[in-house]
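Sequential numbering from 548 applies to the sequence shown in this note's numbering. From the three backbone atoms N, C-alpha and C, an ideal C-beta is built for every residue, glycine too. Note that the structure is predicted; figures quoted are calculated from it, not measured.
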Amino acid sequence: MAQKNKSQKWSGRFAQGLDPLALDFTQSISFDQKLYYYDVKGSLAHAKMLQKVGILTKKDYDDIRRGLTSIVDDLQQGKFEFKEELEDVHRNIETELIKRIGAAGGKLHTARSRNDQVALDFRLYCRDRVMELHDSILELEEAFVVKAEEFPEVVMPGYTHLQRAQPVLFAHHLLAYVEMLERDRERLQDLYKRVDTLPLGSGAIAGTTFPIDREFVAKELGFGRVSHNSMDAVSDRDFAIEIASAGSILMMHLSRLSEEMILWSSSEFDFIKLPESFCTGSSMMPQKMNPDVPELIRGKTGRVYGSLVSLLTTMKSLPLAYNKDMQEDKEPIFDVFETAINCVDVLVPVVLGMRPKEDKMNIAVSDGGLLATEIADWLVTQGVDFRSSHEVTAQVVRYSLETKKDITEMSLQEFQKFSGKFNEKIFDVLTVKAAVDRRRSLGGTSGVNVKKEIKRIKKVIES
Ligand code: ARG
């Protein structure tokens, strides 16, 4: 809380100091201190440019650099104390700089406003975090590939409508998540281009009268582009919304994965064993092993969606250019990164440690009903059109249900009751193994395909 005095004047413009309640309400230092490293980095580049164009002397610049470096050192060692009455990270650092080096410190803010400064800091921060999230995703992809390679032949039921549909390779199912993660990674690579734009030099709204060199600053900070409209540059937060959007889609994927892990590890499915060290017990029921980690990931998906909606709503009616509302952009984004990176990272050992229960999967997949499509497809190879073959097969399935006889146990005579086209060859395709092996169309579940896929994905990941 701010101290209860009303003497903190923001500037000479004000006859009265800010009410402590207003100060406490409007401050952002409690959370934007996370940006300190980027604030200093941006200031260093700005100061270097000011010297280059002759606004700062060599001595001013050296003093500023020395001052900022000592501030960062103190910050990194936890020796820097942020003051709430200085409102935000920008004024905290600038005020301290002036305190440490005197008048030269006061020249740093030439040709700059907090509006373009905060936009810069936020973009610098986001650039690093986007890369961090991107690299975490890559590791999770690798974990899936390791698992797929470890169990190349395990077959499980594939589901539609959560009803057993057709046999698929466990590895094929895992690689489906790699596809999703690849798209997530692509989305981050794509939005990175739009984060990677330098807003500094836009001033408060209209640019500046000083002869600054924005290209130089962009180069110093490694930005791919420079913004072209000062009003847009200080009020654009699309990049943050894109991050929350890509983060939401990523979390949706992780949540689906989590849901499957939860289902598969239940007694009802009993398809996998999750690593014990990532499960928890119950305080009351000794038999329990709860999948807390996937459950929490599923739960945390909501807060990332919340951040997206929060940012969209904050921005939706803002007149150009900067408005204080935009200070609300930071916490959701901090949370998106923290949540998404934590979730991806914790999933790596869970995926690596999970074990398929092959025997249980075999039982689940042995229901001949899962091979009905094989019968229909085979009849087509005997010259029956698919609609008719589907109808014949439906009658076979019905017969199997009514007589409680699994399709795989039916005799040729029984098959022939439904069509004269049946012969001994039908039994060649009526096995789980054949059902998987024969699905060699591009993207299908056959072992040959999955092996090729693993190779392809490994190459993509390496590049
Ligand atoms: N703390 C502010 C923010 O996060 C910094 C920019 C302040 N600009 C201003 N005109 N009050 O948006």
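Under 8 Å between C-beta atoms of residue i and residue j
i, j, result
"Lys657", "Phe757", "This sequence places Thr at residue 657; Lys is not what is there. Contact: yes."
"Gly589", "Gln664", "yes"
"Arg734", "Ile684", "no"
"Ile618", "Val587", "yes"
"Lys980", "Pro699", "no"
"Phe717", "Val702", "yes"
"Arg613", "His637", "no"
"Gly916", "Val897", "no"
"Val939", "Pro704", "no"
"Cys673", "Val742", "yes"
"Lys904", "Asp839", "no"
"Val883", "Ser857", "no"
"Phe786", "Leu745", "no"
"Ile819", "Glu842", "no"
"Ser966", "Met957", "no"
"Phe578", "Glu878", "yes"
"Ala780", "Ala666", "yes"
"Leu687", "Leu894", "yes"
"Leu597", "Leu671", "no"
"Ile1004", "Ile922", "no"
"Tyr608", "Lys595", "yes"
"Ala695", "Ile1001", "yes"
Collapsed DSSP secondary structure at residue i in the structure displayed
i, result
"Ile819", "strand"
"Ala658", "coil"
"Pro699", "coil"
"Pro896", "helix"
"Gly994", "helix"
"Val803", "Val is not the amino acid found at residue 803; the sequence shown has Arg there. Helix at Arg803."
"Asn837", "strand"
"Gly564", "coil"
"Tyr706", "strand"
"Thr950", "coil"
"Arg985", "coil"
"Thr978", "coil"
"Pro903", "strand"
"Thr604", "coil"
Exposure label - residue i; buried when at least 16 CB within 10 Å
i, result
"Ile648", "buried"
"Val1007", "exposed"
"Met836", "exposed"
"Ile910", "exposed"
"Arg902", "exposed"
"Phe969", "buried"
"Gln563", "exposed"
"Asp876", "buried"
"Arg659", "buried"
"Phe572", "exposed"
"His708", "exposed"
"His593", "buried"
"Pro866", "exposed"
"Glu641", "buried"
"Asn776", "exposed"
"Gly653", "exposed"
"Leu738", "buried"
"Leu989", "exposed"
"Pro833", "exposed"
"Gly748", "buried"
"Met862", "buried"
"Gln574", "buried"
"Ala919", "buried"
"Met548", "Confidence is the limiting factor: at Met548 the pLDDT is only 43, short of 50, which leaves the residue's position unreliable, though a coordinate-based value still follows. With fewer than 16 other Cβ atoms within 10 Å, it is exposed."
"Leu959", "exposed"
"Val995", "exposed"
"Asp783", "buried"
"Met831", "exposed"
"Arg560", "exposed"
"Glu1009", "exposed"
"Gln713", "buried"
"Leu728", "buried"
At what residue ranges does the segment 710-790 contain a whole run of the alpha helix (DSSP H), taking only runs of 4 or more? Counting only runs of 4 or more, we get 717-742, 761-768 and 777-782.
Tell me, please, whether the segment 842-854 touches the segment 780-795 by the rule of three or more beta-carbon pairs shorter than 8 Å. Three or more pairs of CB atoms, one per stretch, sit closer than 8 Å, so the segment 842-854 contacts the segment 780-795.
Would you check if the segment 797-814 and the segment 881-897 touch, i.e. whether three or more CB-CB distances between them fall below 8 Å? In this structure the segment 881-897 touches the segment 797-814; the number of beta carbon pairs closer than 8 Å is three or more.
Can you check the segment 570-600 for any beta strand (DSSP E) of at least 3 residues that lies completely inside it and give the ranges in chain order? DSSP runs (the beta strand (DSSP E)) wholly in the segment 570-600: none.
Which runs of the alpha helix (DSSP H) fall wholly inside the segment 901-939 and span at least 4 residues, in chain order? Listed in chain order, the complete alpha helix (DSSP H) runs (minimum 4 residues) inside the segment 901-939 are 905-912 and 919-928.
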